[in-house]
Amino acid sequence: MATGRDDFVIAIRSAFLKKKDKQKFSLLTLVFLSIFVIVLSNFNFKAIKFIKLGINEVIYRSSFIASIPENKIKELFSEIKSHMELHESQQQEIVKIENSEQLKLQNEFLTAENKKLRELIDESINSEEVFAKVLLDKDSPYLKSVVLNKGTKDKVKIGMAVIDDIYLVGQIIEVNYSNSRALLLSDLNSKIPSVLEPDDIQAVVSGTGNNFGIIEHTQLDYKEGFENKEIVVYTSGLGGIFKPGIPIGKIDQSSEGKINFFSDFTQLNYIKIVSYNFGEEK
Amino acid sequence: MSSLNKSTFFKILLSYLPLIMLFFSVFNEFDLNYLKLDYFAFNFVHLLIFFWTLRNPDQLGYLAIFFAGIINDVVIGIPIGISSFCYLILCSVTAYIRNITLSPNFMKDWISLLFTILLINSIQVIILDLIFLIKVDYTNYLINSGFTFLFYPIFFLIFNFLNERISYQTND
């Protein structure tokens, strides 16, 4: 029994401490070093911050270059898929075009009316936009985020909204000198104050880690009014980060309470980083 | 072909291939996600490190694995050091297996891999969820572990072939 325990101890000691010919460091040293790095990355000292920024800058750029072949394969897959679905999508587009002219006129009237009403209550929303390219789009099982090619030098700040076309796709969570990281709405850690229309119900849209969102922190019987209706989810503007009315997604009858995001997060290429100033005349 | 085998460049390239694959995959986070298959993900880096540190540790240095972990953390956006720690735990297990094993056996390696990836994914989830308060999807981790385990035989054949070629070239 004692011999067995000795063997175990010898094997463990040998595994952690013994260096092979070509190994410059023992495993134990590196394990301790990685624990040290984890602890250190938790502190927000200026020196650590700068080192982190430097590492991020170099690795994001290198990763962008290394991802070129994979991105090409992705593009190829997406092109093949769009060719296969060409007829079906064309039929859908025809219906959309027919409806769009009416919607455009209605939209113009509502926008003008909305502007007038905001002027009456002395409320104005100004926005500053920065256009950015998606550098890295890693559909990681751990964190749903994208790396963008704009950073502090372009006045990007943490918390700014990330918009694809007119749809909200996420929020800036990390800013480096020339790039930044945006957390997508689909991430488990994403929580956006929103409003469910047409019933005007306040809620929080939460990511699930999959390509749909769910509704949280709302009235218990909110589903009762949903029968036979298509629910559109917009930002509510509560919290003062996003302006109210940015479309997020919709809940239809087939989606069983899940929010289908308007934007396809796997196809993001160019996006807008937007900051909103409330109640300031520009 | 034979002249190609004997060229120094080819020899060097072959001997550095595991290292190149490691860094290429951490920069890419290669897991065939562009196939857009729901509930399909596997960790190529875990397979790569497990095989090479078990069968031919001279081809994959611990320091390189440590740096690959740092890069992986930055690319996927989790706190720096976690992947390095997990990769080095993987190396510790393989070093232990190497020390207690006289003759390598594929089945034993495969079963050990299952326990090891469950261990390191559990460590990663504990660190992210309980220490850094970052929400993670447990299902995704389980699926990832499952597919990583299932894919091992395929990658074992590929890596084994490569390992034989490297050994042949080195002894040549």
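Which chain is which? The protein sequence lines are X and D, in order.
The opening residue of the first sequence carries number 1 in our numbering; numbering runs sequentially from there.
The opening residue of the second sequence carries number 1001 in our numbering; numbering runs sequentially from there.
Even glycine gets a Cβ: it sits at the ideal position worked out from N, Cα and C.
Is the shortest distance between the beta-carbon of D/P1079 and the beta-carbons of chain X less than 9 Å?
Yes - at least one Cβ of chain X is within 9 Å of the one on D/P1079.
Run through the DSSP bridge pairs and tell me what X/F261 is partnered with.
Answer by DSSP bridge pairing, in chain order: X/G249.
Under 9 Å between C-beta atoms, does X/I80 make it to chain D?
Cβ-Cβ to chain D under 9 Å: no for X/I80.
Could you check whether D/I1117 and D/N1043 sit closer than 9 Å to each other, using their CB atoms as the reference points?
The answer is yes: Cβ separation under 9 Å.
Could you check if D/P1018 is buried or exposed, using at least 16 other CB atoms within 10 Å of its CB as the buried criterion?
Buried is the call here.
Counting only Cβ-Cβ distances shorter than 9 Å, please list the residues of the segment 1063 to 1087 of chain D near chain X, keeping chain order.
Residues passing the 9 Å Cβ filter: L1063, I1065, F1066, G1069, I1070, I1071, D1073, V1074, V1075, I1076, G1077, I1078, P1079, I1080, G1081, I1082, S1083, S1084, F1085, C1086 and Y1087.
Can you list the residues of chain D that X/I55 reaches, using a CB-CB cut of under 8 Å?
Simply I1070, V1074 and I1080.
Have a look at X/G213 and X/I201 and give me their C-alpha separation to the nearest angstrom.
For X/G213 and X/I201, the distance between alpha carbons rounds to 16 Å.
Touching or not, the segment 172 to 182 of chain X and the segment 151 to 159 of chain X, by the rule of three or more beta carbon pairs under 8 Å?
The segment 172 to 182 of chain X, when compared against the segment 151 to 159 of chain X, does touch it at the 8 Å Cβ threshold.
For D/F1151 and D/L1047, which I take to be in contact (beta-carbon distance under 8 Å), what is that distance rounded to the nearest angstrom?
Yes, they are in contact, since the Cβ atoms of D/F1151 and D/L1047 sit about 6 Å apart, within 8 Å.
Within the 9 Å Cβ cut-off, does D/V1045 reach chain X?
So, not an interface residue.
For chain D, find out if any of its Cβ atoms is closer than 9 Å to the Cβ of X/S254; answer yes or no.
No, no contact with chain D.
Would you say D/I1111 faces chain X, with C-beta separation under 9 Å as the test?
It does not: the Cβ of D/I1111 has no partner Cβ on chain X nearer than 9 Å.
If I follow the unbroken alpha helix (DSSP H) through X/K243, where does it start and stop?
Counting along the chain, X/K243 falls outside any alpha helix (DSSP H), and DSSP gives it neither H nor E.
Given a limit of 9 Å on CB to CB distance, which residues of the segment 170 to 191 of chain X reach chain D?
Here the close residues are I173, E174, R181, L183, D187, L188 and N189.
For the segment 1133 to 1153 of chain D, which residues have a beta carbon sitting closer than 7 Å to at least one beta carbon of chain X?
The residues in question are I1134, K1135, V1136, D1137, N1140 and N1144.
Taking only beta carbons into account, state which residues of the segment 1086 to 1106 of chain D come closer than 9 Å to chain X, listed in chain order.
Listed by position, the residues of the segment 1086 to 1106 of chain D near chain X (Cβ gap below 9 Å) are C1086, Y1087, L1088, I1089, C1091, S1092, V1093, T1094, A1095, Y1096, I1097, R1098, N1099 and I1100.
Alpha carbon to alpha carbon, what distance is there between X/N42 and D/I1082?
Cα to Cα, the separation comes out at about 12 Å.
In the DSSP assignment, find the beta strand (DSSP E) that holds X/P193 and state where it starts and stops.
Counting along the chain, the beta strand (DSSP E) containing X/P193 begins and ends at K191 to E197.
Hey, X/N277 and X/I125: beta-carbon distance below 9 Å or not?
Yes. Within cutoff.
By alpha-carbon positions, which one of X/K243, X/G249, X/F8 and X/F50 ends up nearest to X/S127?
When only C-alpha atoms are compared, the closest one is X/K243.
If you drop the 5 nearest sequence neighbours on each side, which residues of the same chain put their C-beta closer than 7 Å to that of D/T986?
The structure shown has nothing for residue 986 of chain D, since chain D only spans 1001 to 1172.
Quick one: list the residues of chain X neighbouring D/F1024, beta-carbon separation under 7 Å, in chain order.
In chain order: A66.
List the residues of chain X whose Cβ lies closer than 7 Å to the Cβ of D/N1028, in chain order.
Under the 7 Å cutoff, chain X gives A66, S67 and E70.
Quick check: what's the CA-CA separation for X/E250 versus X/I231?
Here residue 250 of chain X turns out to be Lys, not Glu, going by the sequence shown. Spanning the two alpha carbons is a distance of roughly 6 Å.
By the three-class DSSP mapping on this structure, what secondary structure does D/I1070 have?
Here D/I1070 sits in helix by DSSP.
So, helix, strand or coil for X/A270, using DSSP?
Note that residue 270 of chain X is Tyr in the sequence shown here, rather than Ala. X/Y270 falls in the strand class under three-state DSSP.
Could you work out which residues of chain D lie near X/S63, taking near to mean beta carbons separated by less than 9 Å?
In chain order: V1026, F1027, N1028, E1029, I1071, V1074 and V1075.
Rounded C-beta distance between D/I1089 and D/L1054? I'm assuming under 8 Å.
Between D/L1054 and D/I1089 the Cβ distance is about 14 Å, and since that is not below 8 Å, they are no contact.
How far does the beta strand (DSSP E) with X/D164 in it extend, from its first residue to its last?
Taken as a continuous stretch (DSSP letters only), the beta strand (DSSP E) holding X/D164 covers A161 to D164.
Is D/K1108 buried or exposed, if buried means 16 or more other CB atoms sit within 10 Å of its CB?
Flag for D/K1108 reads exposed.
Can you look up X/T208 in the DSSP assignment and give me helix, strand or coil?
In this structure, X/T208 counts as coil in the three-state DSSP scheme.
In the DSSP assignment, what residue or residues form a beta bridge with D/Y1168?
According to DSSP, D/Y1168 bridges with nothing at all.
In three-state DSSP terms, what is X/T235?
Strand.
On the criterion of 16 or more Cβ atoms from any shown chain inside 10 Å, does D/Q1059 qualify as buried, or is it exposed?
D/Q1059 should be labelled buried.
Measuring alpha carbon to alpha carbon, tell me which residue in X/S254, X/I248, X/K272 and X/Y270 is nearest X/S263.
Checked all of X/S254, X/I248, X/K272 and X/Y270; the closest Cα to X/S263 is X/I248.
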